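Mind the numbering: the sequence shown is residues 1 to 308 in our numbering, read in order.
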Amino acid sequence: MKILVYGAGVQGTYLAHVLVRGGHDVTVLARGKRAEELEEKGLVIRHYLQRKTTVDPVGVIRTLETEDAYDLIFVMMKYSDFQAVLPILADNVSRHIMLVGNNMDAYAMQAYLKEHGQSPKQVAFGFQTTAGTRKNGQVICIRGGHGQMVIGSLDGVIPFRSLLDQAFTHTKYKLTDEKQMDAWLKNHMVLVVPMNMVILLHGFQMKKVARDTKRIRQFVAAMGEGFRVLESLGYPLTPAAQASWILRHPRLMSGALKLFFKLPVSGLIDGTDVELKALNEAFGEWRAQSDVPTPNWDVLEKQWLAGS
Ligand SMILES: NC(=O)c1ccc[n+]([C@@H]2O[C@H](COP(=O)([O-])OP(=O)(O)OC[C@H]3O[C@@H](n4cnc5c(N)ncnc54)[C@H](OP(=O)(O)O)[C@@H]3O)[C@@H](O)[C@H]2O)c1
């Protein structure tokens, strides 16, 4: 199968590695220095927990031309970067597009691709549950198992679901179907944004985050507020068990996170102010529509914006 991974950062590099090992004809679209690194060295990944490094040669392109046809395109970038590539994807002949990563605008992105697509587009969404960072031309990847992607469509079943199965047939990568993908992405944002505000406030110095018990408790409380806002707007809490646990056991959650931030592995998680701002702005719009108070979220937001 001919597959394009559009965006060759932490998540895209790991996915491309899985697909290359799965026997496919994989191309990555990268730009600038990253494209040069990939051409010179290939996909270099340090699998942190597995204590091994893999290197896989891969095809690299810098632009996607209209006639470049792929069976599947995975778009793997920050939420704040998606908008810039939608017109390029719409102009391209390929039909099956997975937008993978944090996404607060799934309906609008799908509508754009369907309305402006020069070929009929089928769009689905995903979230790869690996993490990591980039250092000296290599990706440091943190994963349990062999990698996993939560996948879903906004309209029921993913129309090209069998293609996805084919893509991962000869791999141990897991696809997890989510019926309420838009709600799942919004629930995920509720977890990520308050926590990352504190991480960025401390400049990614996780030991400092671990010592900041007050703010850890605040961001766990902010997660709870976020879930209540979503509920008030009619979004289901999904995964329900995760939301319910955080709402019922904020102290335990704070304790677990405090321990996590003490571990060296926590220092390998990546994030940017730009994506965080875009995600938080989306949440700001929902807060404005809801009458649920969010005092903890408000305080953290104020402190983070003042510090950034
Ligand atoms: N990393 C983590 O720990 C982690 C964990 C969980 C979830 N996520 C989520 O996963 C998503 C992807 O994150 P990531 O960590 O993989 O991001 P990343 O490392 O920044 O990778 C994104 C890649 O897309 C490229 N890109 C951006 N705009 C582009 C454009 N217009 N044309 C071509 N390439 C473009 C970037 O290019 P450059 O190389 O030039 O920057 C970069 O290589 C995000 O939503 C993130 O929040 C990440």
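Idealized CB from N, CA, C, for every residue including glycine.
Since this is a predicted model, take the numbers as computed values, not measurements.
Where residue i sits in the DSSP three-state scheme
i: G137; result: coil
i: G23; result: coil
i: T53; result: strand
i: V150; result: strand
i: L64; result: coil
i: G307; result: helix
i: G12; result: helix
i: I45; result: strand
i: G132; result: strand
i: I88; result: helix
i: I142; result: strand
i: D182; result: helix
i: I3; result: strand
i: K174; result: strand
i: I216; result: helix
i: A106; result: helix
i: H188; result: helix
i: Y70; result: coil
Cβ pair residue i, residue j closer than 8 angstroms
i: V10; j: V139; result: yes
i: N187; j: T238; result: yes
i: E275; j: S80; result: yes
i: L185; j: F127; result: yes
i: I199; j: G271; result: yes
i: G267; j: M206; result: yes
i: Y318; j: F74; result: The structure shown does not extend to residue 318, since the chain spans only 1 to 308, so no value can be given for it.
i: N102; j: M197; result: no
i: L89; j: F125; result: no
i: V18; j: G132; result: no
i: M76; j: L15; result: yes
i: D25; j: K41; result: no
Which residues DSSP lists as bridging residue i, in chain order
i: A124; result: M98
i: G59; result: T27
i: M197; result: Answer by DSSP bridge pairing: none, since M197 is not bridged.
i: M76; result: V100
Heavy atom of ligand 2 within 7 angstroms of residue i beta-carbon
i: Q11; result: This structure simply doesn't include ligand 2; it includes ligand 1 instead.
Below-8 angstroms beta-carbon distance, residue i vs any chain D residue
i: Q303; result: In the structure shown, chain D does not exist; there is a single protein chain.
Contiguous alpha helix (DSSP H) assignments of at least 4 residues, all confined to the segment 218-297: The DSSP assignment places complete alpha helix (DSSP H) segments of no fewer than 4 residues inside the segment 218-297 at 240-248, 250-262, 273-289, in order along the chain.
contact_flag[the segment 143-158, the segment 176-183] where n(CB pairs < 8 angstroms) is 3 or more: Three or more beta-carbon pairs separated by less than 8 angstroms link the segment 143-158 to the segment 176-183, which places the two stretches in contact.
Stretch-stretch touch, CB-based, cutoff 8 angstroms, three pairs: the segment 97-114 with the segment 46-57: No, because fewer than three Cβ pairs between the segment 97-114 and the segment 46-57 fall closer than 8 angstroms, the two stretches do not touch.
Three-pair Cβ contact test at 8 angstroms for the segment 243-256 versus the segment 205-223: Using a C-beta cut-off of 8 angstroms, the segment 243-256 makes contact with the segment 205-223, since at least three inter-stretch Cβ pairs fall below that distance.
Cβ contact check for the segment 93-103 and the segment 61-77: 3 or more pairs under 8 angstroms: Cβ pair count under 8 angstroms is three or more, so yes.
Segment contact flag, the segment 59-67 with the segment 24-39, C-beta cutoff 8 angstroms, min 3 pairs: The segment 59-67 vs the segment 24-39: in contact.
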